[in-house]
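Residue numbers (our numbering), protein chains in the order written: chain A, 9 to 500; chain B, 9 to 500.
Backbone N, C-alpha and C fix where the C-beta goes; we use that ideal spot for every residue, glycine too.
Keep in mind it's a predicted model, so treat the numbers as computed, not measured.
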């Protein structure tokens, strides 16, 4: 066997084992008996130790040295396998194992603290997670302080991206978002939807809409979980959702969001399944898919016009009893604590809050004991009202309990990418709205599959976006889209 | 670290990874999207290859050589780890991987063949499975033909057991079972239960009864699957069941059966969880637990007296409208094709059929092309009527599609063990029936936990039974129990 073939076979087996490890997390959130948490932590730690040993296998160094790639697929694979090997060999096995075990246990601690509004109960494990991630970042960057630490973590989610570039991007966006938000909040808010929405009917409708967006239920499934997420890849790409009786948009739009992630994974060229290329290009690119499904398509007037009919059929007459009223309710800009429920205008402000706080946590400028106050101060400053309880504040998101620092900013980056992609998509599909108004999403989802999703990791993240949009990435399309959409909605 | 401690740490990590691999199978049967079968086969093959590499890790040989056990737990662990290492090093990695991949794919082939009554569709993969298992048996035994091949496979499920010993045991039992069966079938059969039993009510009742038998739902869960099975260990011991609207005993007694397995795993001393000792002692000992829960306890008159009240509450008045009539219906001896639905008298005849056929398949005396005819001929001879379709014949059981040859006889061995255990339990718990009649199973389940389940693999299989019953194993208690019970039921 050629060294390159041996290398690909090794990577394929690693990819399969990573799928198995990922499914342990899915199971933990959806199916696991509650008494199994400690045992599950051991299982996850054992998988992580095994995967770390594979990723640092000395045989890999030899294969990497001898491998001679042929063609673009092998070249891209070699690039990614080399990168992963270089990263993995910098992290001691004991640290990787401890990180995995701590994150697994921290999840239960966070869920309990969140349920009981008990910030103090979460802080010790959060402190430990930050210490472990700082240690990891130091191993990766060779630095013990400074912005290199956060950049090293960010790089896991968004390769080739630096915090200072994101900070500049966000700084350019913020004034226009703040101005737009201020203008909107001077106008009267349209009525929100009200009513009691049968949970089973909500779940039936979310399944129908998931399928309309191209989600293949033969290669996925939808379950209930506290925090909606997508999991897996290729032919086993699962999502979760949650249902609120008084708010049908909670289940609906979190499902469309996760469907965007899952369709990306399902639509990767089958040749790349269970290989080094068989995943989304980066978290930012991933989020561009979930956000364009959820927002640019899912929250558009033509789509909502179709949705109005589906919701009326599912729930009877709505309190927002016309497509225009439903569209206004779905795109309502209002005070809210929860990032995942935020409107398109304010969402990125949530991200900027977390981005700044987590950089300060990792740099050591902010102690966990001061995090709640820092969160609450910043929230008041950015959103104009106070956090009422920790589950609406710093305990609302699962990410930090999983050790995910450097992940949040990729959400805002994904929004910027989604803005660029929507501009290109509208250019290429002039009849887009005629399809959307009938709930027919085949043209845009096919465009995204052909121009972006199919490539998996064959192209680097920024390149896959630029190739799809035929030019450079800027925040302009997103900002123009938001300003145009909300000017019409709020008569600005 | 002492060599012994390093060895135990290695074994603990292997045990955790085995739990993960086992959960892939649970997921495949209960949750997996149907389009993920091929991908799942790759995942299972990757896990199996990784586990095989761990089990044959040269570092293990060194640790085994240097390890000095202290105390009974370490001595037992060393014995089991040594045995597993000796076994694993005899199997080439490629063969282990191919076996796992073929078995995973064969499951789907079997399920389709069973649904479509298509024996021919199943034979090629069955032939391949047998060839692979023969190859495995040859590696293990050092022989290429003769009874050593089957014994090598049997040893995986029932250590220290030989087919000739089982054949002798079965030969001693068969005349009395045949005589009992003949005597019963000369008598009029009592009415079976009839009616339409709401599926949700059945599932509620099965959960209630699972809990009554001591199943801890905080450390397990119950899902629907084609074939009931138990899976996992310790704090994550899951079971599946199936529901038939016209037969409440299908869900009820398959659940009690699987609860017996799962309680065994849940009740292992927590010190042994995720160690080399953290499993049931053997398949035969495991089956003794599922069968004593299901039969000696679950199909007893006092328990059925309690169950009559529960069923009446769940379903309304029954067609068998007294405890005695329900007891007669539950223990009805009648013609039937399906092993898992067989009564206590005929069950072992099903096993003996499979035991003889699979020995012939492995020895090469029987070709797969002749298997259906051989099954059908033997069934007609043993049960007095003809198989009507393959799903009632050779396609009824999942085992062979998973490559499980040598597994079936442990079921009958488990029945013999259950007979011995029940005799000891009745001796130690003279008030047993007073509890059963109130649905209170705490005394017998505690007796089984204290005397058997807690030990896991600390003791060898035969010893754990003999210690619990305080003497040697013989078929006499089982046969006497059956003869007494059915003489009363059928007025013999």
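In its own chain, which residues sit with a C-beta less than 8 Å from the C-beta of residue i, not counting the 5 before and 5 after it?
i, result
"residue 365/B", "374, 379, 382, 383 and 386"
"residue 499/A", "195"
"residue 77/A", "12, 83, 85 and 86"
"residue 263/B", "214, 217, 218, 230, 236, 247 and 249"
"residue 147/A", "98, 99, 100 and 103"
"residue 25/A", "55, 58, 59 and 62"
"residue 158/B", "145, 171, 366, 367, 370, 371, 413 and 414"
"residue 511/B", "What is shown of chain B runs 9 to 500, which leaves residue 511/B out entirely."
"residue 254/B", "202, 203, 204 and 205"
Grab me the residues of residue i's own chain with a C-beta within less than 7 Å of its C-beta, minus the 5 sequence neighbours each way, in chain order.
i, result
"residue 446/A", "314"
"residue 340/A", "197, 198, 200 and 351"
"residue 209/B", "322 and 323"
"residue 92/A", "63"
"residue 331/B", "312, 313 and 316"
"residue 172/A", "155"
"residue 227/A", "243, 244, 245 and 274"
"residue 407/A", "415 and 416"
"residue 490/B", "188, 352 and 353"
"residue 20/B", "282 and 283"
"residue 135/B", "376"
"residue 437/A", "451, 452 and 455"
Please go through the same chain and pick out, in chain order, the residues whose beta-carbon is closer than 6 Å to the beta-carbon of residue i, but skip the five residues on each side of it.
i, result
"residue 96/A", "63 and 64"
"residue 424/B", "483 and 486"
"residue 466/B", "84 and 285"
"residue 347/B", "358"
"residue 345/A", "400"
"residue 369/A", "138"
"residue 6/A", "With chain A covering only 9 through 500, there is no way to say anything about residue 6/A."
"residue 251/B", "207, 210 and 259"
"residue 6/B", "Outside the displayed range of chain B (9 to 500) lies residue 6/B, so it cannot be described from this structure."
"residue 461/B", "272 and 275"
"residue 174/A", "417"
Give me the Cβ distance between residue i and residue j, rounded to the nearest whole Å; I'm assuming they're in contact under 8 Å.
i, j, result
"residue 137/A", "residue 114/A", "6 Å"
"residue 293/B", "residue 81/B", "Wrong, their Cβ atoms sit about 18 Å apart, outside the cutoff."
"residue 468/B", "residue 167/B", "7 Å"
"residue 33/B", "residue 239/B", "7 Å"
"residue 283/A", "residue 23/A", "6 Å"
"residue 304/B", "residue 181/B", "Not a contact, Cβ separation roughly 16 Å."
Taking 8 Å as the threshold, find out whether the region 439–459 of chain A comes into contact with the region 415–424 of chain A through three or more Cβ pairs. At 8 Å Cβ cutoff, the stretches do not touch.
Evaluate the contact criterion for the region 107–126 of chain B versus the region 35–55 of chain B: three or more CB pairs, one atom per stretch, below 8 Å. Yes, since at least three Cβ pairs between the region 107–126 of chain B and the region 35–55 of chain B fall closer than 8 Å, the two stretches touch.
Do three or more CB pairs link the region 258–276 of chain B to the region 215–233 of chain B at distances below 8 Å? The region 215–233 of chain B and the region 258–276 of chain B touch, with three or more beta-carbon pairs separated by less than 8 Å.
Along the region 222–248 of chain B, what residues have a CB closer than 9 Å to any CB found in chain A? Cβ proximity to chain A below 9 Å picks out 224, 225, 226, 227, 228, 229, 231, 240, 241, 242, 243, 244, 245 and 246 from the region 222–248 of chain B.
Quick check on the DSSP output: what are the complete alpha helix (DSSP H) runs of length 4 or more inside the region 364–428 of chain A, in order along the chain? Complete alpha helix (DSSP H) runs here, min 4: 379–391.
At 3 residues or longer, what runs of the beta strand (DSSP E) sit wholly inside the region 152–238 of chain A? The region 152–238 of chain A contains these whole beta strand (DSSP E) runs: 230–232.
Please name the residues in the region 268–299 of chain A whose beta-carbon is closer than 8 Å to at least one beta-carbon of chain B, in chain order. Under the 8 Å Cβ criterion, the region 268–299 of chain A contributes 281 and 282.
Using a Cβ-Cβ cutoff of 9 Å, what residues of the region 41–75 of chain A are near chain B? List them in chain order. Answer set for the region 41–75 of chain A: 41, 42, 43, 44, 45, 46, 47, 48, 50, 51, 52, 53, 54, 55, 57, 58 and 62.
Is the region 249–268 of chain B touching the region 299–307 of chain B, taking contact as three or more C-beta pairs under 8 Å? Flag = yes, the region 249–268 of chain B and the region 299–307 of chain B touch.
Check whether the region 119–127 of chain B and the region 390–398 of chain B touch, using three or more Cβ-Cβ pairs below 8 Å as the test. Three or more beta-carbon pairs separated by less than 8 Å link the region 119–127 of chain B to the region 390–398 of chain B, which places the two stretches in contact.
What runs of the alpha helix (DSSP H), each 4 residues or longer, lie entirely inside the region 81–154 of chain B? The region 81–154 of chain B contains these whole alpha helix (DSSP H) runs: 101–124 and 127–149.
Going residue by residue through the region 239–278 of chain B, where are the continuous alpha helix (DSSP H) segments of at least 4 residues, counting only ones entirely within it? Whole alpha helix (DSSP H) segments, 4+ residues: 256–274.
If contact means a Cβ-Cβ distance below 7 Å, which residues of the region 323–356 of chain A contact chain B? Of all residues in the region 323–356 of chain A, none is placed with a Cβ closer than 7 Å to any Cβ belonging to chain B.
Please list, in chain order, the residues of the region 15–33 of chain B that have any C-beta partner in chain A closer than 9 Å. Contacts with chain A (Cβ-Cβ distance below 9 Å) from the region 15–33 of chain B involve 20, 21, 22, 23, 24, 25, 27, 28, 29, 31 and 32, listed in chain order.
What residues in the region 379–404 of chain B have a beta carbon less than 9 Å from any beta carbon of chain A? Answer set for the region 379–404 of chain B: empty.
Contact residues within the region 194–224 of chain A, judged by C-beta distance below 9 Å to chain B: Residues 224.
Contacting positions in the region 96–108 of chain A - beta carbon closer than 7 Å to chain B: Flagged: no residues at all.
Given a limit of 9 Å on CB to CB distance, which residues of the region 148–176 of chain B reach chain A? Considering only beta carbons, no part of the region 148–176 of chain B lies closer than 9 Å to chain A.
Please specify which runs of the alpha helix (DSSP H), each continuous and at least 4 residues long, are wholly inside the region 275–341 of chain B, giving them in chain order. Listed in chain order, the complete alpha helix (DSSP H) runs (minimum 4 residues) inside the region 275–341 of chain B are 291–299, 309–323 and 331–338.
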